[in-house]
Structure formats: structure tokens, C-alpha cells
Amino acid sequence: MNTVTDTLVWPDWNAKEDLKRLREAVPLTHCITNVVVTNFSANVLLAIGASPAMAIASEESGGFAKIAGGVLINIGTITRIDKESMLIAAAAAQEAGTPWVLDPVAAGASEIRTNTIRELLPFKPSVIRGNASEIIAVSGAAGNVKGPDSTESSGTALPYAVELALKTGSVVAVSGEVDYVTDGKKIIAVPGGHVIMTKTTGTGCALGGVMAAFLAVTGPLRAAAAASLVYAETGKRAAQAVRGSGSFAVKFLDELSLIGKEY
Amino acid sequence: MNTVTDTLVWPDWNAKEDLKRLREAVPLTHCITNVVVTNFSANVLLAIGASPAMAIASEESGGFAKIAGGVLINIGTITRIDKESMLIAAAAAQEAGTPWVLDPVAAGASEIRTNTIRELLPFKPSVIRGNASEIIAVSGAAGNVKGPDSTESSGTALPYAVELALKTGSVVAVSGEVDYVTDGKKIIAVPGGHVIMTKTTGTGCALGGVMAAFLAVTGPLRAAAAASLVYAETGKRAAQAVRGSGSFAVKFLDELSLIGKEY
Amino acid sequence: MNTVTDTLVWPDWNAKEDLKRLREAVPLTHCITNVVVTNFSANVLLAIGASPAMAIASEESGGFAKIAGGVLINIGTITRIDKESMLIAAAAAQEAGTPWVLDPVAAGASEIRTNTIRELLPFKPSVIRGNASEIIAVSGAAGNVKGPDSTESSGTALPYAVELALKTGSVVAVSGEVDYVTDGKKIIAVPGGHVIMTKTTGTGCALGGVMAAFLAVTGPLRAAAAASLVYAETGKRAAQAVRGSGSFAVKFLDELSLIGKEY
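Written as C-alpha cells, this is what we have:
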């Protein structure tokens, strides 16, 4: 039933072309994200060639969402105040036709998370991106969610991702040992990456930002897949010859600014 | 009067055993901490083998405190809103029996800090961790506090630490050239570390998170001492052949993921 | 009309002397800054030899502003709550005679930014520091502002900087390929730096903090110029032999702790 339609391997020419267009466009990418990863996310976006805006106030989140090329809403350290700002940004994005990414961090772990996701979904995110536990939780299944780390494999989450995509009309991306990206019909597998990415805070969250930047130059399925592929390949390269997560994060930013410029 | 009972030197077999158990348990470690150090603290916890949760909202801080293996409450950039969330988390931790660490950053520097600490103490932190100026201030003595940097040595703070431990029933840990950990009766000295740690923001704050992770697998005195020892030894290793605080922070995370796995 | 009065090149003996005095004074430098750059800014201040305090609550921002050697107010991720705290800090700084820096990030991009800047200016910042787009916007000209990245060159902004300095009595510093610092009469050019600084989030924001630290030991024009020069030279050194923004940020902190100690 959940047959993989396509497997992306670097260099995939479409992904490479999308990356080139992203770098030419330097899209304003507006992130309302959690306080743990703001710095890393902004640096990831700069490294890949986007122009990050990290404004969070409800007074201006709608304005930024309107003029941005893509928007990320990440509920990692959500508060009442952030929630208000996120709902305004999502509404403005939908109204203005700005594509946006929902990252439902630790979905299912608390009521404020569940309610925020429920209230955000009607604004039609272009992409819903999470780890396996999060995607299972958003799809409505009861999960064993404790914190932001996944307790399930991406393969386990795949049927839930397909169902969620069909139900919402969003492209759904599941991160894991293999990433899966689906619109409910097609299923794109993106192998690669490295386990050290799960030991470096913010890698998943920043991927949501990269997807938002790709959305400025291509459609949701291709944007989510290209972002996942560029990310996985960069992770693989950066993991070579590093001793731990400290040097990995540094090398990841370096490699991200270089990938696709090889020749 | 303040005679050191024990001096820990790496490899201390108890500390090493505790570290091994921490890595096997991968304890959910819930940190309500300041905005300066959230990223570094999460990376430190991942590097040592814990699973960090950095949720801050009062709507969910109690829930996380209940299911966590250990909790850190750090008042570094406290606001009214954070204070509410911290009090809920502390109460929930006490009720659920979750051990927790109080880091009274810049205690004495303002009324909101003094009041927050006074209101948190009745919820019985397992460990109170700070630099010398902070521990002196929390013990009720008038100190010369300006900012988060200590103006006193850990040795000067030792009698105040003992008194504070006896008064509160908490284990008290003072960071400095030599770290001291005491329950009011025993005094454990942990030499080591490196002065560059004081030039790298968040090292002290993240140590509070590491203590919270150790609390998930052992008692307060041993947890605070083991965390201090692992930290001091890692700091010493990381400081070798680095040029400044930039490369130190990177190497510190790398070494933290490797310590104790030597053979 | 806008004739450069002086061009600073490292080692400028005045700047070097100011840096030495900064390191001897270890000035408490209070930053109310944006959530993207708090960590990097604190590390930059520690690396250069200052003592950062990053307190944000309105309950204590005035108190810190009173005892600090210098204050930075940066509106990068401003909210209603931050705005209250910033106004209190600015008023307290003016009253106590504490010099302070205003960094009007993304000025012109939203009403909350425009209003906050308008309400802060009467408290007489010692230095207004921004990129070209920001300085043009603060000077009252209609600009093409989207996000925090500048769309103009520092040369284009120079006449606006001079006008703004004359109108406000503040020293105005414009960052760019060449930095300009002016009090409306003198114009100091600071060439150097490296383009990778624009690809590393927080470099501009942290420069505001460094200016605040220099203000503790010297007057506004000299402080802004010395900070710009030390920064540009450090950037140039750090950019050597790095692969991307990840390793640049690390090396920048390392070099910042070493500059001026060469002999």
C-alpha cells in the first residue's frame, strides 16, 4: 500500500536546480520558531543562501508572512503569546498565498501543543514536517510522546504520513534514518544523513526553515524532497572525520554553503 | 570546620558508573532555562547522553516536570511569565517526586531574582547550584553582586554552602577553580576544569542541566559530584590546544560525548 | 559634503589603547537583545574581555542599566513585553548617565519597530548602530526594507547617517563593506572585515554589544570607531582559511580574544 514512488540520491538534478534557483532568489524566509534553535536556524538559512527573518511579535508576524517567500511555524517552545503570533502569521500566509511549513514539535506531549496544531491546520500548511512520533501524533493516533526526540522509526510513521497528507492536502515529510516525503499519492524516499544529526539540537527544526526557503522557488512536494536531500547529503559530508556534535554543527554549516557548487 | 571529606579525581569509578547508567537511561531532562544558553544546554545534554526537553510555557511545564527524570530551573533571564512557569514546574516536580536543580543565576542582583528564589525554595530543590557569589547571596548574606560573573572564590563560599545545605536540606554545589558539593555534612571537592570555561557563556548553566540528568539515576550528593567531575575533566581535555572560547565550546561538546568511553 | 575625516587601519594606537582599557575594566555590559543572537553576543563580549549581563525583564532592566558600564538595546525580535523593558532601561541609562547603544534592527519593516525607535530616541542613545537600510530608515527616509539584511551600501547611507547624527546628537555607525562612524561633523571610515560576516547571524548585533563595552571606557565617537576597527580586523583574520560560516563564527571568537595581545 505504501509503495515508495521515487528514491532521491545526490546529485538529483531537480534538487540541484531548485537549490540554484533558491540561491539566485535569496528568498526572505520568515521563521517563528523555538528559542533553542533560533541562532542555528538563521545560520542554516544564511548558509544555504536564503535571507532569514526571525520576527516573533504578533504585531508584525502577519506582515512578515505576507511579504516572505516562505514561512516556518515551529511550536518547539510555544507559549500563549507565541500561539497568537503563529495564528496571525498562518492566516496572513494563507491569505497572501505565501507557502508555509508547520513543524509540530513534540506533538501530543501537552494540550497547548495539540490545540495549537488543531487551530493552525485550517490555514493549510504547504508542508507538515516532523519526526515519526510527531507525525503519528498529528495524524490523530495515540502515540507514546515524551519529549522532542522520536521514539518511532520513519518507516512506522509512513502510513500515518500518507493518511495525514490525504486528509489535510499538505505535503507531509517524516525525518528519520530514511526521510519520507508524500502528498498522499507519491512517496519519495530520501536516504542518507547521519545519526549524529539526532545528537545535534536544531537540525530537524532548521530543516523546516530550509523547506520554507525552497517553497519560495518550487512546489511543496519538490521543495520538501529537495530540502531533505540537500540536508541529508550535507549531513553525510559533515559527519566525516568529526569527533562529536560540536564539530559536526560547525562543519554542517560550512558544507551547507558549499553543496551544489562542486562544479 | 569546613573540612573536605573527599576529593574526586577522574576516573572516579562511582562517577563513571553513574555516567554509564545515565547513558543507558537516556533520561528526559526538562530545562526551564535562560534564553542565552538554551541551545548550548540542549547540545550538552545530547552530548552526554540525555534527552533534553526545553518547554517553557506554564501550560505544560508541570506536565513535563512530572514525567521527566530530572528538572532544571535556571533564572538567568527570568521574566514574570517564566516565574509563573517555574513555580508550577517546581510544585509538580515535588509532588511527583521528580528531583530538580535550582540555578539561582545572579542571585541578589534584583528583587525579582530574590523573590523568585524565595518562592522556589519551599518546593525543595534536590540540588542548588551556582557560582560563589550566587551561593553566598542565596544563603542570605549580603554580597557584592553585579551580574552573572562571580566576584568571589568557591573557597570563600564554602561555609555559606554548608549553611545553606543544612538550612534547606538541598545538596549545594559551588562552581569555581575547585568545585565543592555538600549536603551540609560531607564536603566533596572537585578540582580540575579550566579558566576558559568562565569565558564561555553557558558552561555553568548547562552544568545544572547535567546535574538534573544525573539525578535521574542517582542521589543528589552523588549526582552533583559526578556531574561536576565529568564536567571538570571534559573542560580540561577540551581546553587542550584550543585558541579561544569559540573552539573551546566546540571541543567541549565533542569531548563530552566521548568521556567515559575510553576503554 | 560627506568628506571622510579619518580612515582607521589596524593597529590604530588609540583603538588598541581603548581595547586595553576595556580589558582592564571588564565592564558590566547589559544587553537587551534579540533571541537569535543572545548566546553569540554574550560569547563575543566575554571574548573581548567584558562581563555580559543579558537580563530582559522590565522589573530589573532599569537596575542593570544603572550599574552597567554600557547598555545595548537591540530590537531584532521585539515584542510588546520587550518594548516596555527597553524603554525602562533607556530611561534609567539616561538618568544614571550610562552610555547606551541603539541597534534599530529591520527599522521600517513594521509599525512596532518604527514606534519603538521613535519612543527610544528621546532617551539619547550615545550611539545608533545599524546597516545601511536601517540607518536610512531611522533617518526618516522611505526605504525598501524587507528583513534584517541590508539592501543598500554603507556609502549610500552615509549622508543619512550624518543627518541623523546632527538631528539626534548621537554618534551614528553604519556597517557595510566600509563601516562609517560619524558625529555629524567628523566621518571616520573603517575598511576591512569580510563578506562572510554577512552570512553569520549575529555579527552585526554583537558589534552593538562591543560598542556598549567600549563606551564604558571612552567617548561615543572613539568607542564606535574602535569597536568597528577591532571587529573588522578580527573578521579579516578569522576569515582566513575557513570553509564557511560555521568555522568562521568559531574562529571569530578565538581571534577576538587574541587581538591586541600580539606583542
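Chains as they are written, first to last, in numbering that gives the first Met the number 0: chain V, 0 to 262; chain B, 0 to 262; chain X, 0 to 262.
Glycine included, each C-beta is placed from N, C-alpha and C at the ideal position.
Checklist line | Heavy atom of the ligand ZN within 8 Å of residue 138 (chain B) beta-carbon | finding: Questions concerning the ligand ZN fall outside what the structure shown contains, since it holds no ligand whatsoever.
Next item on the list: Spell out the partners DSSP gives residue 6 (chain X) in its beta bridges.
Entry: Taking the third sequence and counting its residues from 1, one reaches residue 6 (chain X) at position 7. Looking at the DSSP output, residue 6 (chain X) sits in a beta bridge with X:188.
Check: Which of the three DSSP states, helix, strand or coil, is assigned to residue 195 (chain V)?
Finding: What you label residue 195 (chain V) is simply residue 196 of the first sequence in a count that begins at 1. Three-state result, residue 195 (chain V): helix.
Next item on the list: Kindly indicate which three-state DSSP category residue 117 (chain B) falls into: helix, strand or coil?
Entry: Here residue 117 (chain B) refers to the residue found at position 118 when the second sequence is read from its first residue. Helix at residue 117 (chain B).
Item checked: Below-9 Å beta-carbon distance, residue 51 (chain B) vs any chain V residue -> In the second sequence, residue 51 (chain B) corresponds to position 52, counting from 1. Residue 51 (chain B) counts as touching chain V.
Margin query: Please classify residue 42 (chain B) as buried or exposed, where buried requires at least 16 other C-beta atoms within 10 Å of its C-beta.
Written below: In the second sequence, residue 42 (chain B) corresponds to position 43, counting from 1. Buried, since its Cβ has 16 or more Cβ neighbours within 10 Å.
Next item on the list: Have a look at B:51, B:15, B:19 and flag the residue whose alpha-carbon is nearest the alpha-carbon of residue 149 (chain V).
Entry: Looking up residue 149 (chain V) in the first sequence gives position 150. Nearest of B:51, B:15, B:19 to residue 149 (chain V), Cα basis: B:51.
Next item on the list: Taking all protein chains shown into account, decide if residue 257 (chain B) is buried (16 or more other Cβ within 10 angstroms of its Cβ) or exposed.
Entry: Residue numbering aside, residue 257 (chain B) sits at position 258 when the second sequence is read from its first letter. Exposed, by the Cβ-count rule.
Check: Who are the neighbours of residue 98 (chain V) on chain B, taking C-beta pairs under 7 Å?
Finding: Taking the first residue of the first sequence as position 1, residue 98 (chain V) is located at position 99. Near residue 98 (chain V) there are no residues of chain B at all, since even the closest Cβ is about 27 Å away, more than 7 Å.
Check: Mind pulling the chain B residues with CB within less than 7 Å of residue 148 (chain V)?
Finding: Here residue 148 (chain V) refers to the residue found at position 149 when the first sequence is read from its first residue. Within chain B, the residues whose beta carbon sits less than 7 Å from that of residue 148 (chain V) are 50, listed in sequence order.
Checklist line | Those residues which DSSP pairs with residue 214 (chain X) across a bridge | finding: Your numbering for residue 214 (chain X) matches position 215 in the third sequence. BP columns for residue 214 (chain X) are empty, so no partner.
Margin query: According to DSSP, simplified to helix, strand and coil, what is residue 76 (chain X)?
Written below: In the third sequence, residue 76 (chain X) corresponds to position 77, counting from 1. Reduced to three states, the DSSP call for residue 76 (chain X) is coil.
Check: Which class does residue 128 (chain V) belong to by DSSP, given the choice of helix, strand or coil?
Finding: Here residue 128 (chain V) refers to the residue found at position 129 of the first sequence. In this structure, residue 128 (chain V) counts as strand in the three-state DSSP scheme.
Margin query: Does residue 28 (chain B) come out as helix, strand or coil in the three-state DSSP assignment?
Written below: Stepping through the second sequence from its first residue, residue 28 (chain B) is reached at position 29. Reduced to three states, the DSSP call for residue 28 (chain B) is strand.
Next item on the list: Measure the Cβ-Cβ separation of residue 110 (chain V) and residue 58 (chain B) and say whether it is below 9 Å.
Entry: Within the first sequence, residue 110 (chain V) is the residue found at index 111, counting from 1. Within the second sequence, residue 58 (chain B) is the residue found at index 59, counting from 1. In contact: residue 110 (chain V) and residue 58 (chain B) (Cβ atoms closer than 9 Å).
Notebook entry, point to check: If you run the structure through DSSP and keep just helix, strand and coil, what is residue 138 (chain X)?
Noted result: The sequence position of residue 138 (chain X) within the third sequence is 139, counting from 1. Three-state DSSP puts residue 138 (chain X) in coil, outside helix and strand.
Checklist line | residue 229 (chain V) versus residue 15 (chain V): straight-line alpha-carbon distance, rounded | finding: As a working mapping, residue 229 (chain V) is identified with position 230 in the first sequence. As a working mapping, residue 15 (chain V) is identified with position 16 in the first sequence. When only Cα atoms are considered, residue 229 (chain V) and residue 15 (chain V) end up about 8 Å apart.
Checklist line | residue 233 (chain V): contacting residues in chain B (beta-carbon distance under 7 Å) | finding: Walking along the first sequence from the start, residue 233 (chain V) turns up at place 234. Within 7 Å Cβ-Cβ: nothing; residue 233 (chain V) doesn't reach chain B, min ~18 Å.
Notebook entry, point to check: Would a C-beta distance cut-off of 9 Å place residue 85 (chain X) and residue 60 (chain X) closer than the cut-off?
Noted result: Here residue 85 (chain X) refers to the residue found at position 86 when the third sequence is read from its first residue. Here residue 60 (chain X) refers to the residue found at position 61 when the third sequence is read from its first residue. Yes; because the gap between Cβ atoms is below 9 Å, this pair is in contact.
Checklist line | Interface residues of chain V facing residue 250 (chain B) [CB-CB closer than 9 Å] | finding: Counting from 1 along the second sequence, the entry for residue 250 (chain B) is found at position 251. The answer, in chain order, is 242, 243, 245, 246.
Margin query: Residues of chain V with CB closer than 8 Å to the CB of residue 23 (chain B), please, in chain order.
Written below: Translated into the one-based positions of the second sequence, residue 23 (chain B) becomes position 24. Going along chain V, no residue has its Cβ under 8 Å from residue 23 (chain B), so there is no contact; the nearest lies around 15 Å.
Check: In this structure, does DSSP put residue 69 (chain V) in helix, strand or coil?
Finding: Sequence index remark: in the first sequence, residue 69 (chain V) carries index 70 (1-based). DSSP places residue 69 (chain V) within a strand segment (E or B) once states are collapsed to three.
Checklist line | residue 34 (chain X): contacting residues in chain V (beta-carbon distance under 9 Å) | finding: Within the third sequence, numbered from 1, the residue matching residue 34 (chain X) stands at position 35. Chain order gives the chain V residues near residue 34 (chain X) as 34, 37, 38, 53, 55, where near means a beta carbon separation below 9 Å.
Margin query: Ignoring anything shorter than 4 residues, give me the alpha helix (DSSP H) runs that lie fully in the segment 214-261 of chain V, in order along the chain.
Written below: If we require 4 residues or more, the alpha helix (DSSP H) runs fully inside the segment 214-261 of chain V come out as 219-238, 244-257.
Next item on the list: Anything in chain X within Cβ reach of residue 62 (chain V), meaning under 8 Å, just list it in chain order.
Entry: Here residue 62 (chain V) is taken as the residue at index 63 of the first sequence, counted from 1. When 8 Å is used as the limit between beta carbons, residue 62 (chain V) is near these residues of chain X: 108, 109, in chain order.
Check: DSSP three-state call for residue 51 (chain X): helix, strand or coil?
Finding: As a first step, residue 51 (chain X) is located in the third sequence; it is residue number 52 there, counting from the start. Residue 51 (chain X): strand per DSSP, three-state reduction.
Notebook entry, point to check: Does the distance from the C-beta atom of residue 134 (chain B) to that of residue 104 (chain B) stay below 9 Å?
Noted result: Position 135 of the second sequence, counted from the first residue, corresponds to residue 134 (chain B). Position 105 of the second sequence, counted from the first residue, corresponds to residue 104 (chain B). Against a cut-off of 9 Å, the Cβ pair of residue 104 (chain B) and residue 134 (chain B) comes out as no contact.
Checklist line | Residue closest to residue 155 (chain B), alpha-carbon to alpha-carbon, out of B:178, B:170, B:165, B:147 | finding: Taking the first residue of the second sequence as position 1, residue 155 (chain B) is located at position 156. Of B:178, B:170, B:165, B:147, the residue nearest in Cα terms is B:178.
Check: residue 76 (chain X) versus chain V: which residues are under 9 Å apart at the beta carbon?
Finding: In the third sequence, counting from the first residue as 1, residue 76 (chain X) sits at position 77. Listed along chain V are 37, 53, 54, 55, 56, each with a C-beta nearer than 9 Å to that of residue 76 (chain X).
Next item on the list: Verify whether the separation of the beta carbon atoms of residue 195 (chain B) and residue 7 (chain B) is less than 9 Å.
Entry: Counting from one through the second sequence, the residue named residue 195 (chain B) turns up at place 196. Counting from one through the second sequence, the residue named residue 7 (chain B) turns up at place 8. No, they are not a contact pair.
Note to self: Comparing C-alpha positions only, which one of V:189, V:193, V:102, V:19 sits nearest to residue 240 (chain V)?
What the structure shows: Locating residue 240 (chain V) in the first sequence gives position 241, counting from the first residue. For the residues V:189, V:193, V:102, V:19, the minimum Cα distance to residue 240 (chain V) belongs to V:193.
Note to self: Under 9 Å, Cβ to Cβ, is there at least one residue of chain B near residue 201 (chain V)?
What the structure shows: Taking the first residue of the first sequence as 1, we reach residue 201 (chain V) at position 202. Residue contact with chain B for residue 201 (chain V): present (Cβ-Cβ distance below 9 Å to some residue of chain B).
Checklist line | Cβ shell of residue 170 (chain V) (< 6 Å), same chain only, five flanking positions each side left out | finding: As a first step, residue 170 (chain V) is located in the first sequence; it is residue number 171 there, counting from the start. If we look at residue 170 (chain V) and ignore the five residues flanking it on each side, its Cβ neighbours are 126, 182, 219, 220, 223.
Next item on the list: Excluding the 5 residues preceding and the 5 following residue 91 (chain B) in the sequence, name in chain order all residues of the same chain whose CB lies nearer than 7 Å to its CB.
Entry: As a first step, residue 91 (chain B) is located in the second sequence; it is residue number 92 there, counting from the start. Excluding residues within five positions, the ones whose Cβ falls inside 7 Å are 61, 64, 65.
Check: For residue 180 (chain V) versus residue 246 (chain V), is the C-beta distance shorter than 9 Å?
Finding: By 1-based counting over the first sequence, the position of residue 180 (chain V) is 181. By 1-based counting over the first sequence, the position of residue 246 (chain V) is 247. For residue 180 (chain V) and residue 246 (chain V), no; Cβs fall outside 9 Å.
Notebook entry, point to check: Along the chain, where does the beta strand (DSSP E) that runs through residue 181 (chain X) open and close?
Noted result: In the third sequence, residue 181 (chain X) corresponds to position 182, counting from 1. Note, residue 181 (chain X): beta strand (DSSP E), 178-181.
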